[in-house]
Structures are given as C-alpha cells and as structure tokens.
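Below you'll find the structure, written out as structure tokens, and then a few comments.
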Amino acid sequence: MSQLQHKVETTFATIPKKESLWLDAWKRLRRRKLAMLGGGIVLFFIILAVLAPVLTPYPYDGAELSQRFIKPMEEGHWLGTDDLGRDLFTRIVYGAQISLRVGFLAVVGSIIVGTYLGLVAGYYGKWIDMIISRVFDIMLAFPSILLAIAIVTILGRSLTNALIAIAIINVPTYGRLVRSKVLSLKEEEFIMAAKAIGMKNWRIIYHHLLPNSMTPIIVQGTLGIATAIIETAALGFLGLGAVPPTPEWGTMLADSKDYIQLAPWTVIFPGLSIMLVVLGFNLLGDGLRDALDPKMKQ
Amino acid sequence: MKEILLKVEGLKKYFPIQEGILKKTTGYVKAVDGISFEVKKGETFSLVGESGCGKSTTGRALLRLIEPTEGKVLFEGEDLISLGDVEMRQRRRDLQIVFQDPFASLNPRHTVQKIIEEPLIVHGVGNREQREAKVMELLEIVGLNKDQAKRYPHQFSGGQRQRIGIARALTLNPKLIIADEPVSALDVSIQSQVLNLMKDLQKQFDLTYIFISHDLSVVRHISDRVGVMYLGNIVELAAKDDLYEQPMHPYTQALLSAVPEADPDVKKERIILTGDVPSPSNPPSGCKFHTRCPKAMDICKQVIPDFVDVGNEHYVACHLHQ
Numbered sequence: 012m013s014q015l016q017h018k019v020e021t022t023f024a025t026i027p028k029k030e031s032l033w034l035d036a037w038k039r040l041r042r043r044k045l046a047m048l049g050g051g052i053v054l055f056f057i058i059l060a061v062l063a064p065v066l067t068p069y070p071y072d073g074a075e076l077s078q079r080f081i082k083p084m085e086e087g088h089w090l091g092t093d094d095l096g097r098d099l100f101t102r103i104v105y106g107a108q109i110s111l112r113v114g115f116l117a118v119v120g121s122i123i124v125g126t127y128l129g130l131v132a133g134y135y136g137k138w139i140d141m142i143i144s145r146v147f148d149i150m151l152a153f154p155s156i157l158l159a160i161a162i163v164t165i166l167g168r169s170l171t172n173a174l175i176a177i178a179i180i181n182v183p184t185y186g187r188l189v190r191s192k193v194l195s196l197k198e199e200e201f202i203m204a205a206k207a208i209g210m211k212n213w214r215i216i217y218h219h220l221l222p223n224s225m226t227p228i229i230v231q232g233t234l235g236i237a238t239a240i241i242e243t244a245a246l247g248f249l250g251l252g253a254v255p256p257t258p259e260w261g262t263m264l265a266d267s268k269d270y271i272q273l274a275p276w277t278v279i280f281p282g283l284s285i286m287l288v289v290l291g292f293n294l295l296g297d298g299l300r301d302a303l304d305p306k307m308k309q
Numbered sequence: 051m052k053e054i055l056l057k058v059e060g061l062k063k064y065f066p067i068q069e070g071i072l073k074k075t076t077g078y079v080k081a082v083d084g085i086s087f088e089v090k091k092g093e094t095f096s097l098v099g100e101s102g103c104g105k106s107t108t109g110r111a112l113l114r115l116i117e118p119t120e121g122k123v124l125f126e127g128e129d130l131i132s133l134g135d136v137e138m139r140q141r142r143r144d145l146q147i148v149f150q151d152p153f154a155s156l157n158p159r160h161t162v163q164k165i166i167e168e169p170l171i172v173h174g175v176g177n178r179e180q181r182e183a184k185v186m187e188l189l190e191i192v193g194l195n196k197d198q199a200k201r202y203p204h205q206f207s208g209g210q211r212q213r214i215g216i217a218r219a220l221t222l223n224p225k226l227i228i229a230d231e232p233v234s235a236l237d238v239s240i241q242s243q244v245l246n247l248m249k250d251l252q253k254q255f256d257l258t259y260i261f262i263s264h265d266l267s268v269v270r271h272i273s274d275r276v277g278v279m280y281l282g283n284i285v286e287l288a289a290k291d292d293l294y295e296q297p298m299h300p301y302t303q304a305l306l307s308a309v310p311e312a313d314p315d316v317k318k319e320r321i322i323l324t325g326d327v328p329s330p331s332n333p334p335s336g337c338k339f340h341t342r343c344p345k346a347m348d349i350c351k352q353v354i355p356d357f358v359d360v361g362n363e364h365y366v367a368c369h370l371h372q
C-alpha cells in the first residue's frame, strides 16, 4: 500500500507545473529557425522605427537641392540622397514608422470588426449569418486593391484614409476565419456544457468561443500585416496614400521612379525595405501557424 | 412509492434533412420518436441501445441543449419545454450533464479551477473566496488533488478529466444529473473507479441519475431501472433485475444474449440479429424492429405495438405481449 501511494505521488510530481498553451507554443516557435529569422527582421525594423530620431541627424522632409542624388556611402549619406537632396536612410527609417504603424493598426481594425462579425454570424446562424456572409462574399468578389482605391477615392487622399480602406477590405478575411472556427467549436461538448450550466450567450461567446478562435486570428493577423504594408505601399505608389513629403515607402517609390536610371538607389532601397519587412512578417506568420497548430503537438 | 422527479411525455426530436441551395426540407431523421418515461427521485434510470438509437439525443433534448420537436418534460411538475430563456437558465441549476468525451467537454483554454468555478460565477453564487473554497472541496470530493486546480485539462488523464467533468456538474448542487456515456471513453479499470465515484456521490448528495450507455454490464452495475431504446423508441422498460432476468422484447433478449459471460462453462444461446439498423429517416412501418426480429409476425408489419405494462411496472412494446 505504501509502495502504491509512493507511486501515485511520483506520477503527480512529474506533471509539469502550470504550463499554459502559450508558453508551449513559444517553446515550439523558438525551435524554428526561419520563424526566428522573420521575427528578427521584424524586430530590426521596429527598433529602427522607434529609434528613428536618434539614428539620423537629418530631417526626413528637408529639401536640400545642392545635395541631390548623392550616391550611397558618400558625403555622410549611408544610402545616398533623392531628387530633392533628402537623406534616403532618414526617409526609410521614418518610413518604417509609418508602414509598421499603418500595417498594425489596419490589421487590428480588421480583426476587431471581422472577429465580432464572425462570432455573431457563426454563433447565431440563420438570417444574421446569411446577411453577414453575403456582405463578405460581395466584398471578396472585388479585387481588394480596387475596393481600396474606391474607398480612398470616396474619403479623399490621406494616409489615415488609406489605413481605413485597408482595414475595411480585410474585414472579410478575418470574419470568415472566425465564423468557420465558431461553426466547428459550436458543436464541441464544452460549448454544450457551457449551455447546460446556464450561461448567457455573450458569456459563451467571449469566454469560450473567442479565446478558442484566437490561434488562427493571430497567425492570419501576422501574415495580414505584411499584406497591409504592401497595400499601403501600393496605394502610396498610385498616389492615393500618403501625401508628400511624408516618407511612406510606396510614395517614395512613385516619386523616384523617373530617376531609376540616373539614381537607381532611390528606388532600390525603399523597394528592398518593403520586401524585407513583408518577408519578415510572412516567415514569422508561417512559423506561428506551425507552432500554434495543436495537431502538430506530440 | 417514491416521488417522481422527472416525467417525459411523448418526447420527439426530428432533424430536418435539407437539400439544394434553397434548403428545402425533403424529410426528417426521426432521432427520438415519441418516448415517455418517468424518473423517480434518488434512482438511477438507464437508457441503453445501439449507437444511433437516439439515446444521447434524448439526454440532450431533456435539457433543451437541442430543442425537442414535440413533447413535454415535466421536472418537479413544471414543463421545461415551455419555459422562457431566463427561467430555463435559472432551472439549469437543478439539471446537469456529464458528457461522454472527457477530452472535448472541457475548455482547453481554462484551468481546472476556472472550469469548476464557472457555474458559480454564472449564477452569481458566493464571493471569490467562497467560490474558491467550494472548488477545492469539490476537487477533494471527486478524488483530485488541490494542487492540481491551476492546471489545464490537457495535463490530466482521461479518468481525471472525467472527474473534473463530474465536479463541474456537481458545483450547483443539482437534483438530476444526466450522464451521457460517462465511462465509455475510459479504460475498463478506470471505468469502475468513476462508476463507484458516481454511486458514492449519489448517496452523499441525494442525486438522481439518468444514465445513458450502450454497455449492458455497466448499466447492470449502476441502474435501478432500465429503458431499452431502438430507433428512437423505448421498446422495453423495467426494473433492472426484471429486465436482465426476464427480458420480454426480442430486441432486449438479443442484446442480453450478446453480453460476454465470464464463466466459460455457462452455455448461453446467442441470438444473432441479421441486417443493419434501418435508417431513422425512413423507419419501417408497424413495429420498427420487425425487419430484424426473429419472432416477427404479420401483424408486426402493419400495427405499431402499444407500450403496455405486463405487470410489476414492466413495460414492453411487442405484439407477443399485447
């Protein structure tokens, strides 16, 4: 008997102490080199953006016509200067602030609205689902950039309106994701158990459905920041985003495209920045998907 | 005669079969097709049958986890089906359920403490300390360790999880617990532990159980009275000993003949049923069992047999005993 008791105690002792699912996911993420590389790239740009005023002595909008088209690594300009003599490194660093902020805020906006609509559509079903899902279908039927152009045209050209447009066009992505997750969760026994306890609908939605739908949202959100950054740049390039002299990367590309032969660095560096950030978020997002997928769990 | 706690009258649950883009209803799956029974206070009433016979649907329809199509569920004389949303939520304190799959019935994102505490929060019982004390008490009652309260469900074994599920059902001091195959997902050695726990709890808290299972030996161990279901109907209902010793309905007889006997010397006649269970969307006419019944007569194909008392509260729906 004492032997048996001892055995029981040891098995309890080997169960790890409080280990949440998030900690578990982080451990798995850390083992993925590509994801960590992506995370590193993202972190690098975040640090650039935050430290922008410290990193560079130049203003991002001060035109200095005597300093036009200085080549990279000459006269104290690491990445050279553009057609108005502005330091390119300075503009890219401040551009990182804009791209990251717009990308992040647009995704947060889409997630909040999309998640809410998806939860309601998935949980209540019937005609509410009908209406919400059909609106999503209509929005997804347009090429998203076309829809964004239309929204910016209505609201007027500005960075804020570009952000709003990008947030709106991405709502269906998250809405559908959450809806499909809720549809499968709704049949789970723990949701039945919640009903059996006598829980109100809102409590089931916020305490049980929402936390269990967060994983795909986080993954999609990370990948979505990349998309949102590209869309911001695309709107900027088309002249529908940031207004000069705002150092938005897409706008910078558009402004410099006429000098691509004379001063290729004015196009290469903003383009490279967009590519790197997007790559970073995509690698991180892919890694997160693998790390958070419970089916991957041993 | 004991007091009747729950009385079910003509309970039906039809699931519509919808086809095409317009969701036109082309037929119904008659999962539960008009069943009636009574559950007495303090007893264990079991529903047995093969998979797909509607026993789980019955359990869920009783609690309105799926809305019944028709019928009455009188709990302490009050019809649950006619209650409004708010009243029904209040009433749920008295009726709880333990689910079959201990891996699916606990929210993976909540700690054990939160899972057991949540019913109290929902019904506004006690303050934080009182609730925590109650959780610790319940953990102890179901045989779990207090230190395990902060852990997540995935850190427990199946048997331990089922204990957590039972603790959650007990939290609100219910009068009736519907146990929907509570041990069929567990190892045999763990099954008996959980069954004995349920029996102890029944004595301790004066609980009434509706026990849903396909396992006849488990049912024999725990029940007072047993109802045998086939294709959405109860075909036979009797006290446990009556049913196991003198089964009247050919279906019950066939079921019981399939139970393995521990003693190899006992010669038992096995009744082998041929064919599959017919589709509940298109059940046979007359007695639904006539397509597989070894004793089927002409009348069975045309007339639905009445559910009659053949004495000693032994009910059977079969033309052999009308």
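Protein chains in written order, with the working numbering: chain A, 12 to 309; chain B, 51 to 372.
The C-beta atom is built at its ideal place from N, Cα and C for all residues, glycine as well.
Bear in mind that the values here come from a model prediction, so they are computed numbers and not experimental data.
For a quick check, are the C-beta atoms of residue i and residue j less than 8 Å apart?
{"i": "B/Val98", "j": "B/His271", "result": "no"}
{"i": "A/Gln108", "j": "A/Thr92", "result": "no"}
{"i": "A/Val189", "j": "A/Leu130", "result": "yes"}
{"i": "A/Leu48", "j": "A/Leu264", "result": "no"}
{"i": "B/Asn283", "j": "B/Lys351", "result": "no"}
{"i": "B/Cys103", "j": "B/Tyr301", "result": "no"}
{"i": "A/Ala46", "j": "A/Asp297", "result": "yes"}
{"i": "B/Ala154", "j": "A/Glu200", "result": "yes"}
{"i": "B/Leu156", "j": "B/Arg211", "result": "yes"}
{"i": "A/Gly186", "j": "A/Ile149", "result": "no"}
{"i": "A/Arg145", "j": "A/Val254", "result": "no"}
{"i": "B/Leu170", "j": "B/Arg181", "result": "yes"}
{"i": "A/Gly252", "j": "A/Leu170", "result": "yes"}
{"i": "A/Val104", "j": "A/Thr67", "result": "yes"}
{"i": "B/Thr258", "j": "B/Val89", "result": "yes"}
{"i": "B/Ile147", "j": "B/Asp237", "result": "no"}
{"i": "A/Gly209", "j": "B/Arg143", "result": "yes"}
{"i": "A/Ile179", "j": "A/Ile202", "result": "no"}
In the DSSP output, which residue or residues are listed as bridge partners for residue i?
{"i": "B/Gln68", "result": "B/Thr75"}
{"i": "B/Ile228", "result": "B/Ile147 and B/Ile260"}
{"i": "A/His88", "result": "A/Glu85"}
{"i": "B/Glu88", "result": "B/Lys57"}
{"i": "A/Ile58", "result": "A/Ile58 is not bridged to any residue."}
{"i": "B/Glu128", "result": "B/Phe125"}
{"i": "B/Asp83", "result": "B/Lys62"}
{"i": "A/Asp98", "result": "A/Thr92"}
In its own chain, which residues sit with a C-beta less than 6 Å from the C-beta of residue i, not counting the 5 before and 5 after it?
{"i": "A/Lys29", "result": "Residue confidence for A/Lys29 is low, a pLDDT of 48 falling below 50, so the modelled location carries little weight; the figure read from the coordinates is stated next. Cβ within range, chain order: n/a, list empty."}
{"i": "A/Phe80", "result": "Ala274"}
{"i": "B/Glu363", "result": "none"}
{"i": "A/Ala302", "result": "Ala36, Arg39 and Leu40"}
{"i": "A/Gly291", "result": "Gly49, Ile52 and Val53"}
{"i": "B/His299", "result": "Val285, Glu286, Val366 and Cys368"}
{"i": "A/Glu75", "result": "Gly96"}
Considering only residues of the same chain and omitting the five flanking positions on each side of residue i, which have a CB-CB separation below 7 Å?
{"i": "B/Ala111", "result": "Leu61, Lys63, Val82 and Pro118"}
{"i": "A/Pro256", "result": "Asp72"}
{"i": "A/Ala245", "result": "Ile156 and Gly261"}
{"i": "B/Gly336", "result": "Cys350, Lys351, Gln352, Val353 and Ile354"}
{"i": "B/His173", "result": "Arg143 and Leu222"}
For residue i, report the span of its beta strand (DSSP E) as first-last.
{"i": "B/Thr258", "result": "Thr258 to Ser263"}
{"i": "A/Gly250", "result": "Note, A/Gly250: premise wrong, no beta strand (DSSP E); not H, not E."}
{"i": "B/Tyr202", "result": "B/Tyr202 -> no beta strand (DSSP E), and no H or E assigned at all."}
{"i": "B/Met279", "result": "Arg275 to Tyr280"}
{"i": "B/Glu286", "result": "Asn283 to Ala289"}
{"i": "B/Ser96", "result": "Thr94 to Val98"}
Ignore the nearest five residues each way along the sequence and tell me which others in residue i's own chain have a CB closer than 8 Å to its CB.
{"i": "B/Ile116", "result": "Lys63, Thr107 and Arg110"}
{"i": "B/Leu133", "result": "Arg141"}
{"i": "A/Asn181", "result": "Ala117, Val118, Ser121, Gly125, Ser155, Gly235, Thr238 and Ala239"}
{"i": "B/Thr324", "result": "Arg342"}
{"i": "B/Lys318", "result": "Ser307 and Glu311"}
{"i": "B/Asp129", "result": "Lys122 and Val123"}
So the alpha helix (DSSP H) residue i belongs to, where does it begin and stop?
{"i": "B/Lys351", "result": "Asp348 to Gln352"}
{"i": "B/Lys253", "result": "Val238 to Phe255"}
{"i": "A/Ile160", "result": "Ser155 to Leu166"}
{"i": "A/Tyr217", "result": "That residue, A/Tyr217, is in no alpha helix (DSSP H); it is neither H nor E in DSSP."}
Task: Positions along the stretch 195 to 209 of chain A whose CB lies within less than 7 Å of some CB in chain B - done: Glu199, Glu200, Phe201, Met203, Ala204, Lys206, Ala207, Ile208 and Gly209
TODO: Closer than 7 Å, Cβ to Cβ, to anything on chain B: give me those residues from the stretch 95 to 115 of chain A, in chain order.
DONE: Listed by position along the chain: nothing, the set is empty.
- [ ] Please list the residues of the stretch 223 to 234 of chain B that have a C-beta atom closer than 7 Å to any C-beta atom in chain A, keeping them in chain order.
- [x] none
Open item on the list: Under 9 Å, CB to CB, which of the residues in the stretch 179 to 191 of chain A have a partner in chain B?
Closed with: Listed by position, the residues of the stretch 179 to 191 of chain A near chain B (Cβ gap below 9 Å) amount to none.
Task: Members of the stretch 63 to 94 of chain A that neighbour chain B once the beta carbon cut-off is set at 8 Å - done: none
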